[in-house]
Amino acid sequence: MSVHDSQSCSEYLQLSRRQFLAASGGTALALGMPAWLPSVAYAEDDCSDRDVIVTVFLRGAADGLTLCVPHADDLYYTARPTLNIPRPDASGTFRAVDLDGFFGLPPQLAPLLPAYQNGDLLLVHACGSTDPTRSHFDAQRYMEIGKPGDVGLFTGWLGRHLATSPPFVENSLLRAIGIGYGLQRALESGPQTISIPDLDTHTLSGSMATVAARRTVISAMHALQGDALSAAATTAQQTIDLLGTIDFAGYVPEDGASYGTDGLSLALKSTAALIKAEVGVEAVAIDVGGWDNHVNQGVVIGGAMSNNMTRLATGLAAFHADLFSGLRRNVTLVVMSEFGRRLLQNGSLGTDHGHGNVMFLMGPGVDGGRVLANWPGLDETELFEGRDLAVTTDFRDVLAEIVSLRLGNPSLDVVFPGYTPTFRGVTRSCEPGGGDLNCDGILTYEDSGAMAQLLTDREAFEVAHPDCPESEADLNADGQINGLDIQEFVRRVAP
Amino acid sequence: MSLKRFVAEQLGLTASAPSADSVLSRRKMLLGGAAAFAAVSARPPQARAVPPGSANRFLVDRITFGWTPEEQNQADSLGYHEYLERQLDYHSIDDSAMEARLESYEMLDYIPYHMHNLVNVSVAYRQLYEATILRAVQSKRQLYQRMVEFWTDHFNINLFSGECAWIKNWDDKNVIRVHALGSFRELLSASMHSACMLHYLNNELSVWWGPNENYARELMELHTLGVDGGYTQQDVVEVARCLTGWDFHRPDNYDRQMFRFAANHHDFDAKTVLGHAIPAGQGIEDGEMVCDILASHPSTARYLATKLCRKFWSENPPVTLIDAVTATYTATDGDIKAMLRTLFTTLDPSLAGPKFKRPFHLVVSALRATKASYETTGAEPSVALFNRLANMGHLPFNWAPPDGYPDRADFWVGSPLTRWNFAARLVNGNITYLSVDPAAFFATAATADQLMGQIQAKLFGGRLTAEERNLIRDYLATDPASPSIRLEAIGLALAAPSFQWY
Numbered sequence: 190m191s192v193h194d195s196q197s198c199s200e201y202l203q204l205s206r207r208q209f210l211a212a213s214g215g216t217a218l219a220l221g222m223p224a225w226l227p228s229v230a231y232a233e234d235d236c237s238d239r240d241v242i243v244t245v246f247l248r249g250a251a252d253g254l255t256l257c258v259p260h261a262d263d264l265y266y267t268a269r270p271t272l273n274i275p276r277p278d279a280s281g282t283f284r285a286v287d288l289d290g291f292f293g294l295p296p297q298l299a300p301l302l303p304a305y306q307n308g309d310l311l312l313v314h315a316c317g318s319t320d321p322t323r324s325h326f327d328a329q330r331y332m333e334i335g336k337p338g339d340v341g342l343f344t345g346w347l348g349r350h351l352a353t354s355p356p357f358v359e360n361s362l363l364r365a366i367g368i369g370y371g372l373q374r375a376l377e378s379g380p381q382t383i384s385i386p387d388l389d390t391h392t393l394s395g396s397m398a399t400v401a402a403r404r405t406v407i408s409a410m411h412a413l414q415g416d417a418l419s420a421a422a423t424t425a426q427q428t429i430d431l432l433g434t435i436d437f438a439g440y441v442p443e444d445g446a447s448y449g450t451d452g453l454s455l456a457l458k459s460t461a462a463l464i465k466a467e468v469g470v471e472a473v474a475i476d477v478g479g480w481d482n483h484v485n486q487g488v489v490i491g492g493a494m495s496n497n498m499t500r501l502a503t504g505l506a507a508f509h510a511d512l513f514s515g516l517r518r519n520v521t522l523v524v525m526s527e528f529g530r531r532l533l534q535n536g537s538l539g540t541d542h543g544h545g546n547v548m549f550l551m552g553p554g555v556d557g558g559r560v561l562a563n564w565p566g567l568d569e570t571e572l573f574e575g576r577d578l579a580v581t582t583d584f585r586d587v588l589a590e591i592v593s594l595r596l597g598n599p600s601l602d603v604v605f606p607g608y609t610p611t612f613r614g615v616t617r618s619c620e621p622g623g624g625d626l627n628c629d630g631i632l633t634y635e636d637s638g639a640m641a642q643l644l645t646d647r648e649a650f651e652v653a654h655p656d657c658p659e660s661e662a663d664l665n666a667d668g669q670i671n672g673l674d675i676q677e678f679v680r681r682v683a684p
Numbered sequence: 459m460s461l462k463r464f465v466a467e468q469l470g471l472t473a474s475a476p477s478a479d480s481v482l483s484r485r486k487m488l489l490g491g492a493a494a495f496a497a498v499s500a501r502p503p504q505a506r507a508v509p510p511g512s513a514n515r516f517l518v519d520r521i522t523f524g525w526t527p528e529e530q531n532q533a534d535s536l537g538y539h540e541y542l543e544r545q546l547d548y549h550s551i552d553d554s555a556m557e558a559r560l561e562s563y564e565m566l567d568y569i570p571y572h573m574h575n576l577v578n579v580s581v582a583y584r585q586l587y588e589a590t591i592l593r594a595v596q597s598k599r600q601l602y603q604r605m606v607e608f609w610t611d612h613f614n615i616n617l618f619s620g621e622c623a624w625i626k627n628w629d630d631k632n633v634i635r636v637h638a639l640g641s642f643r644e645l646l647s648a649s650m651h652s653a654c655m656l657h658y659l660n661n662e663l664s665v666w667w668g669p670n671e672n673y674a675r676e677l678m679e680l681h682t683l684g685v686d687g688g689y690t691q692q693d694v695v696e697v698a699r700c701l702t703g704w705d706f707h708r709p710d711n712y713d714r715q716m717f718r719f720a721a722n723h724h725d726f727d728a729k730t731v732l733g734h735a736i737p738a739g740q741g742i743e744d745g746e747m748v749c750d751i752l753a754s755h756p757s758t759a760r761y762l763a764t765k766l767c768r769k770f771w772s773e774n775p776p777v778t779l780i781d782a783v784t785a786t787y788t789a790t791d792g793d794i795k796a797m798l799r800t801l802f803t804t805l806d807p808s809l810a811g812p813k814f815k816r817p818f819h820l821v822v823s824a825l826r827a828t829k830a831s832y833e834t835t836g837a838e839p840s841v842a843l844f845n846r847l848a849n850m851g852h853l854p855f856n857w858a859p860p861d862g863y864p865d866r867a868d869f870w871v872g873s874p875l876t877r878w879n880f881a882a883r884l885v886n887g888n889i890t891y892l893s894v895d896p897a898a899f900f901a902t903a904a905t906a907d908q909l910m911g912q913i914q915a916k917l918f919g920g921r922l923t924a925e926e927r928n929l930i931r932d933y934l935a936t937d938p939a940s941p942s943i944r945l946e947a948i949g950l951a952l953a954a955p956s957f958q959w960y
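Protein chains in written order, with the working numbering: chain A, 190 to 684; chain B, 459 to 960.
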């Protein structure tokens, strides 16, 4: 990943192009090098390290002990006598769906089984922030700024990730969207980042006859300012044009994906349309409220949390079918919540604020099909402060691995300042190409001509080297063949 | 970010380049030139320091829901302190026109029993929405309405949580509006006895054999001490135990969903709250003691002072000001008027940075400045306007979590399109029952320059920057006689950056 060490995208690509031209002895020039090296997506495979990231934040502290049931831990049933998901072998139809002999999904989340069985869904349990706060607002803020306990940091981890990554597309107009009425803290300080309540209606109201002139005046008024409002205004204007090219209303999901009609499903459906339109959006943040179930939590069918879980499962299952069952898009989705809930149910058939929780990760680059947990146990001596599920996996370990290996950003010290993450193996690793583009069995300067050919005239390359896999050119294992691979090529040939 | 930089510049913390930062230049203009910046060093708190003349503009901006020439005239004729005192002594302001306007909104006075007898509760909460908007726009008791907004956020209740839609009307009238400019201790006590609050935060199901911590925690975190106010998880548990049995009448009679203390649900054992012993054997007195402990706590004084300063001074108020307002809380046992008096008379207002209008503020200030006609009744409210506010994410009583709508520019600044669209729809006549009359607004103005002069005078009081003015004037010049162009020019002015701050 050392190729990402440079500060600026265009700068290092230009540098590597010069190096490449020198190394290839002018061959590329002879082939008619275009003004800009094209990028060749050789396959929609699992090996991109520049995924789009979609975060779904369950606001209000979702009960991880219901979302992912430790059904083999008897203490769970002791603590939740009337607020539990019965064991998988319980009689009746309302019972957990076993995942691995220890954990199970509540039946409402059964629609996620195909994703799980396909290896695309990973659950990380006993996970969360190690800060002891049981305040929703502090805990959400700490997670979103990516630095628990820091009261002075206001920028978000996703915002800082974007600020330290080159954009997907050059001169990107829109890099991140927070679906909602105000920007999620996680996205704050992100470049070309905006909050939009409804992607489908992002146009300027009023007379069509004067809309262009009015937009011009509004743009010009804001162009004079140079503050956060004018930056948002510029992005809003560009987004009108950008989203105007996408037919959200007429969007047809793939593979019979069936989204619901609730806010989460609508947001995920718009996100899918947006991702497929390939306009350069790299991050989307979605909020889902209603998880603060102090009273009548309702985990059985028809209950409050049950309905929430059904909506969650419907949305995520549709998103999975839509984006990953045919062409497998390079997208990683994360579901998180500020903390879990108390192990012991309270006197009002609900649960109070707790600590450790579960995270869901979904995508082709996720090493899924399992529950990852260093299970701390539910005995009083094993619980956090004697009450709550302990945190044995810091949420930043999970997010940092995604940022590093799925989003291709090595600047973890900026994204998660003051923290040295431990990668837990939540992502799948990619095999880098060897760069042997002429298939003579060795990587030498000779290969640069074939590589240039692949980049500039793919058909000619296929004719000249019919048996050479294009994946050989993906030297940095990011699923793309572009200037970054050239830099890696140069580094390997002439270290 | 830039707001913070701006504030830092105002406080002299960073060098201020002679940039095109027109927020800065607006403030300079407001203050009558750069000379005002010479006196930025934090002066020691000084009771009734007399701010310079342009301070009246600051005061009108801060204590109303939007500047108007009429409000400015009143402030100028009364003087800074007298205008402030008049607004604080809100009962003395004749608001009979407002009361007459609201006569058909009879459900504002309904108790929960009446509300439950309605076929459709939406009729009642729409009256509450509209009354809240109308009062903000038309009431002469502007500071009082701003304080109602402040406490509505502070003691946030989401209308669509449980049965809150049936009981928020009572809470609004009897908790927030009764005490908005009174004593915080009494306000807190009223809120603790509000069935709506106890329902919203689940206290009605907190019982001695199973206390529910939700209300107890937010009572300390959000309503009094603040999250860093020095309480522990054990204090949350103890306060929850003290408040077991605080709920409301269930039977379907006149008392329905009015407060009651259910002794058979109460935990009668001894407790310790924030170091104070709560003796065993008490009943409702436990909760009353908690109210007193919290209202008297120094963390509460500081937390409320900080929040008030953020609301009325700037997002990053100087510590000296917070100290002064905190001291006033302590000295007056939480007299809200006294705190505001200190807040507005301690430091030179030229120290304060601009604040970004939240969507509700933007909407109300636009309706005030344009003198939009707003012809509705309690039976036929403007649902279209509620939809606009919802589209902007700021329909009153619709913030789900208990911390209230955010009051920071960072949160709201990212979605300007919904603001432009409100403005465009308002002038276009697309918000049912609301309209702007270009003939009345522009009077006899005819040329683009004259029309622009009216916009500058009526919406901005001179605050529109030269660049913005030129752009809108050029738009008017395309067809100055056209009523639709004139209206669109007002819409553009309402979308101008200068209209987004106050």
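Using N, Cα and C, we set each Cβ at its ideal position, and we do this for glycine too.
C-alpha distance - residue i paired with residue j, whole-angstrom precision
{"i": "leucine 522(A)", "j": "valine 606(B)", "result": "41 Å"}
{"i": "valine 748(B)", "j": "arginine 760(B)", "result": "18 Å"}
{"i": "cysteine 622(B)", "j": "methionine 655(B)", "result": "8 Å"}
{"i": "alanine 638(B)", "j": "proline 295(A)", "result": "47 Å"}
{"i": "tyrosine 740(B)", "j": "leucine 680(B)", "result": "In the sequence as presented, tyrosine is not what sits at residue 740(B); that position holds glutamine. Rounded to whole angstroms, glutamine 740(B) to leucine 680(B) spans 26 Å at the Cα level."}
{"i": "glutamine 534(A)", "j": "glycine 492(A)", "result": "15 Å"}
{"i": "glutamate 333(A)", "j": "arginine 374(A)", "result": "6 Å"}
{"i": "arginine 680(A)", "j": "serine 396(A)", "result": "57 Å"}
{"i": "leucine 489(B)", "j": "alanine 513(B)", "result": "Only weak support exists for where leucine 489(B) lies, its pLDDT of 34 falling under 50; the coordinates are left without a value."}
{"i": "isoleucine 407(A)", "j": "leucine 418(A)", "result": "12 Å"}
{"i": "leucine 432(A)", "j": "asparagine 671(A)", "result": "27 Å"}
{"i": "leucine 576(B)", "j": "serine 597(B)", "result": "28 Å"}
{"i": "arginine 323(A)", "j": "leucine 254(A)", "result": "17 Å"}
{"i": "threonine 499(A)", "j": "glycine 449(A)", "result": "10 Å"}
Terminal residues of the alpha helix (DSSP H) in which residue i lies
{"i": "leucine 586(B)", "result": "580-596"}
{"i": "arginine 585(A)", "result": "584-590"}
{"i": "serine 454(A)", "result": "452-466"}
{"i": "phenylalanine 650(A)", "result": "647-653"}
{"i": "isoleucine 780(B)", "result": "777-790"}
{"i": "aspartate 444(A)", "result": "Taken as a continuous stretch (DSSP letters only), aspartate 444(A) belongs to no alpha helix (DSSP H), as it is neither H nor E."}
Whether residue i touches residue j by CB criterion (9 Å)
{"i": "alanine 579(A)", "j": "glutamate 571(A)", "result": "yes"}
{"i": "threonine 788(B)", "j": "lysine 916(B)", "result": "no"}
{"i": "proline 812(B)", "j": "serine 772(B)", "result": "yes"}
{"i": "phenylalanine 516(B)", "j": "alanine 810(B)", "result": "yes"}
{"i": "glycine 575(A)", "j": "alanine 250(A)", "result": "no"}
{"i": "alanine 315(A)", "j": "phenylalanine 291(A)", "result": "no"}
{"i": "alanine 461(A)", "j": "aspartate 511(A)", "result": "yes"}
The beta strand (DSSP E) enclosing residue i, as first and last residue numbers
{"i": "threonine 730(B)", "result": "729-731"}
{"i": "glycine 367(A)", "result": "365-368"}
{"i": "glycine 308(A)", "result": "No beta strand (DSSP E) holds glycine 308(A); DSSP gives it neither H nor E."}
{"i": "leucine 247(A)", "result": "241-247"}
{"i": "valine 604(A)", "result": "No beta strand (DSSP E) contains valine 604(A), which is instead part of the alpha helix (DSSP H) from 601-604."}
The region 882-900 of chain B touching the region 937-952 of chain B, judged by at least three CB pairs closer than 8 Å: yes
Do the region 541-559 of chain A and the region 344-354 of chain A meet, that is, are 3 or more Cβ pairs less than 8 Å apart? no
Does the region 394-411 of chain A touch the region 866-885 of chain B, meaning 3 or more C-beta pairs lie closer than 8 Å? yes
Could I get the ranges of all uninterrupted beta strand (DSSP E) runs contained in the region 537-564 of chain A, with 3 residues as the minimum, in chain order? 546-551, 559-561
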